[in-house]
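Just below is one structure, and these are the notes that go with it.
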Amino acid sequence: MSLAHIFQEHPQRRYIMFGGKGGLGKTTFSAAAAYHLAQQGFRVLVFSVDPQASLSDIFERDIYGKGPVEIMPNLFAQEIDADQHIRAYQDEIRNKILDMYGMEEVPEEIESYIQAAAAEPAMEVYYLSMASVYDEWIDKITKLREEMAEYSKVASLIQRDKELEEDMILKELLDIKYRINTSSGILTDKEKTAFFFVIIPEEMALIDTLKAAELFAKFQVPLCGYVVNRVIPPELGQQNIPAYLRNRLEMQERYLIRIDELFGEQVLAQIPEFERDITGLPMIEKMAEAMFGMVTESSTAPPRSVEGAKP
Numbered sequence: 007m008s009l010a011h012i013f014q015e016h017p018q019r020r021y022i023m024f025g026g027k028g029g030l031g032k033t034t035f036s037a038a039a040a041y042h043l044a045q046q047g048f049r050v051l052v053f054s055v056d057p058q059a060s061l062s063d064i065f066e067r068d069i070y071g072k073g074p075v076e077i078m079p080n081l082f083a084q085e086i087d088a089d090q091h092i093r094a095y096q097d098e099i100r101n102k103i104l105d106m107y108g109m110e111e112v113p114e115e116i117e118s119y120i121q122a123a124a125a126e127p128a129m130e131v132y133y134l135s136m137a138s139v140y141d142e143w144i145d146k147i148t149k150l151r152e153e154m155a156e157y158s159k160v161a162s163l164i165q166r167d168k169e170l171e172e173d174m175i176l177k178e179l180l181d182i183k184y185r186i187n188t189s190s191g192i193l194t195d196k197e198k199t200a201f202f203f204v205i206i207p208e209e210m211a212l213i214d215t216l217k218a219a220e221l222f223a224k225f226q227v228p229l230c231g232y233v234v235n236r237v238i239p240p241e242l243g244q245q246n247i248p249a250y251l252r253n254r255l256e257m258q259e260r261y262l263i264r265i266d267e268l269f270g271e272q273v274l275a276q277i278p279e280f281e282r283d284i285t286g287l288p289m290i291e292k293m294a295e296a297m298f299g300m301v302t303e304s305s306t307a308p309p310r311s312v313e314g315a316k317p
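Throughout, the working numbering is defined as the position within the sequence shown, counted from one, plus 6.
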C-alpha cells in the first residue's frame with residue numbers, strides 16, 4: 007500500500023494530518039500533500055497549529071496572521087497567529103469571570119492563572135486525545151450544577167424573591183463539552199480523518215513515535231500509516247565517500263530494517279534527503295512527486311484541510 011493509494015481509496019476524507027517529533031518535516035509534508043490534492047482538483051486549506059511552524063517560509067509568501075491566502079488554484083494556506091488567539095482567549099475568560107461573579111476586576115491570583123494556563127503551546131492533539139476524560143468530568147460537574155439549580159428554584163419559590171437568572175456556569179460547561187466533543191469527533195472519525203506519522207531513521211525519533219502511536223491508539227485516533235523522511239540514497243555507499251557519511255548510511259540501514267519490522271505495510275513512503283531546502287512551489291512539487299509518485303488524474307471534489315500537527 008502506498009500513500010497515493012490511501013488518498014485515492016478514501017476520497018471522502020476531509021481532514022489530513024501529519025504529526026511526529028519536532029523538526030522531522032510535518033509542515034513540509036502537509037504543504038506537499040496539499041499541493042498534490044490541489045493538483046487533483048480538490049480545494050485545499052493547509053494550516054498548522056504549531057506556533058513554531060512556518061508555512062510562510064515553505065511557500066515563500068508572507069501569510070502569517072492574514073487568514074487563508076491563495077497560493078495557487080485550489081490551494082490556500084493559513085499560518086495562525088497563536089499569540090493573538092491566546093490573547094483573545096484570555097480576554098474571553100476574564101469577561102466570563104466578571105460576568106458570572108459580578109466582579110469589577112479579576113483578582114490578581116486568578117489573573118496569574120489565566121496567563122499561565124493559556125500559554126501552553128503545542129498541546130492541541132494531546133488535549134483532543136484527552137476528550138473522554140474532560141467529557142466525563144464535565145458530565146459530573148453538569149449533573150451537580152443541575153441539582154444545585156433545582157434546590158435554588160425551590161428556595162426561590164419559597165422565599166418569593168426574584169426569578170432565577172440563567173445559570174451561566176452551567177451554560178459555559180455545556181459549551182465546553184460541545185466544543186470538546188465536536189473536536190474529538192472529527193479527530194476520531196475514520197471516514198473523514200486520516201493521520202500520518204512522519205519519522206526519520208534515527209533512534210530517538212523512533213522511540214518517540216512508538217510512544218505517540220500508543221497514545222493515539224488508546225484514544226482511537228485513526229492512524230493510517232507512517233512516512234519515512236530524510237532517507238540518504240543508499241547508492242552513495244557504492245562511491246568513495248567520507249567515513250562519516252558511510253557510518254550514517256550503515257546506521258540508517260539498521261533503523262530502516264527496524265522500521266520495517268515494527269510497521270511493515272504501514273510504511274507508505276520513503277522520502278529521500280533532498281539537495282536543498284523544500285521551499286517554493288518547484289521544490290514542493292518535487293516533494294509531492296516523491297510522496298505520491300507521478301499521479302496526474304484530476305477530479306472535482308469537495309474541499310479538504312491538511313494540517314501539520316504535533317502529538
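All C-beta atoms, glycine included, are put in the ideal place defined by N, C-alpha and C.
Discussion item. Is it buried or exposed, isoleucine 206, if we count other Cβ atoms within 10 angstroms and call 16 or more buried?
Written reply: Isoleucine 206 should be labelled buried.
Discussion item. If you measure between the beta carbons of threonine 285 and glutamate 76, is that distance less than 7 angstroms?
Written reply: Not in contact: threonine 285 and glutamate 76 (Cβ atoms no closer than 7 angstroms).
Item to complete: Would you kindly work out how many angstroms separate the C-alpha atoms of glutamate 171 and valine 50, rounded to a whole number?
Response: Legend: pLDDT at glutamate 171 = 47, less than 50; position of this residue unreliable, value from coordinates given subsequently. Rounded to the nearest angstrom, the two C-alpha atoms are 45 angstroms apart.
Discussion item. Using 7 angstroms as the threshold, is the C-beta distance between leucine 9 and leucine 274 below it?
Written reply: Against a cut-off of 7 angstroms, the Cβ pair of leucine 274 and leucine 9 comes out as a contact.
Fill in: Cβ pair isoleucine 277, leucine 255 closer than 7 angstroms
Cβ distance not < 7 angstroms, so isoleucine 277 and leucine 255 don't count as in contact.
Worksheet item: Skipping 5 residues on each side, what residues in its chain have a beta carbon closer than 6 angstroms to that of glycine 31?
Response: The residues are Val204 and Asn235.
Item to complete: Give the straight-line distance between the Cα atoms of alanine 39 and glutamine 244, rounded to the nearest whole angstrom.
Response: Distance between the alpha carbons of alanine 39 and glutamine 244: 32 angstroms.
Practice prompt. Report the partner residues of alanine 275 according to the DSSP bridge assignment.
Written response: Answer is Val233, bridged to alanine 275.
Worksheet item: Sorted by chain position, which residues of the same chain lie with C-beta nearer than 8 angstroms to lysine 198's C-beta, five sequence neighbours on each side aside?
Response: The residues are Gln18, Arg19, Arg20, Tyr21 and Ile192.
Worksheet item: Considering only residues of the same chain and omitting the five flanking positions on each side of tyrosine 41, which have a CB-CB separation below 6 angstroms?
Response: Spatial neighbours of tyrosine 41 in its own chain (CB-CB distance under 6 angstroms, excluding positions within 5 residues in sequence) are listed in chain order as Ile290 and Ala294.
Worksheet item: Start and end of the beta strand (DSSP E) containing isoleucine 77?
Response: Boundaries of the beta strand (DSSP E) harbouring isoleucine 77: 75-78, taken from the DSSP string.
Worksheet entry | glutamate 1, DSSP secondary structure in three states | With the chain running from 7 to 317 in the structure shown, residue 1 is simply not present.
Worksheet item: Taking just the CA atoms, how far does glutamate 259 sit from asparagine 101?
Response: Cα to Cα, the separation comes out at about 57 angstroms.
Worksheet item: Would asparagine 80 be called buried (16 or more neighbouring beta carbons within 10 Å of its own) or exposed?
Response: Around the Cβ of asparagine 80, a 10 Å sphere holds 16 or more other Cβ atoms; the residue is buried.
Practice prompt. Would you mind sorting methionine 297 into buried or exposed? The rule is 16 or more other CB atoms within 10 Å of its CB.
Written response: That one is buried.
Fill in: Coil, strand or helix - glutamine 84 by DSSP
DSSP places glutamine 84 in strand when its eight states are reduced to three.
Worksheet item: Exposed or buried, aspartate 167, counting other C-beta atoms within 10 Å across all chains shown (16 or more means buried)?
Response: Residue placement at aspartate 167 cannot be trusted, given a pLDDT of 43 that sits under 50; the coordinates are not used to answer.
Practice prompt. Assign leucine 150 to buried or exposed, taking buried as 16 or more other Cβ atoms, counted over all protein chains shown, within 10 Å of its Cβ.
Written response: Of the other Cβ atoms in all chains shown, fewer than 16 fall within 10 Å of the Cβ of leucine 150; this residue is therefore exposed.
Worksheet item: First and last residue of the alpha helix (DSSP H) that includes glycine 54?
Response: Residue 54 is actually serine in this sequence, not glycine. Not the alpha helix (DSSP H): serine 54 falls in the beta strand (DSSP E), residues 50-54.
Item to complete: Would you mind reading off the limits of the beta strand (DSSP E) that contains tyrosine 21?
Response: Its beta strand (DSSP E) spans residues 21-25.
Fill in: Beta bridge counterpart(s) of alanine 296 as assigned by DSSP
Alanine 296 pairs with nothing; no bridge assigned.
Fill in: DSSP-derived helix/strand/coil call for proline 127
At proline 127 the pLDDT is 40, less than 50, meaning the model places this residue with poor confidence; the figure from the coordinates comes in the next sentence. Coil.
Fill in: Inter-residue CB distance, isoleucine 64 and threonine 34 (contact presumed, cutoff 8 angstroms)
Yes, isoleucine 64 and threonine 34 are in contact; Cβ-Cβ is about 6 angstroms, under 8 angstroms.
Item to complete: Leaving aside the five residues before and after methionine 7 along the sequence, list all residues of the same chain whose C-beta is less than 7 angstroms from its C-beta, in chain order.
Response: Around methionine 7: Glu271 and Leu274.
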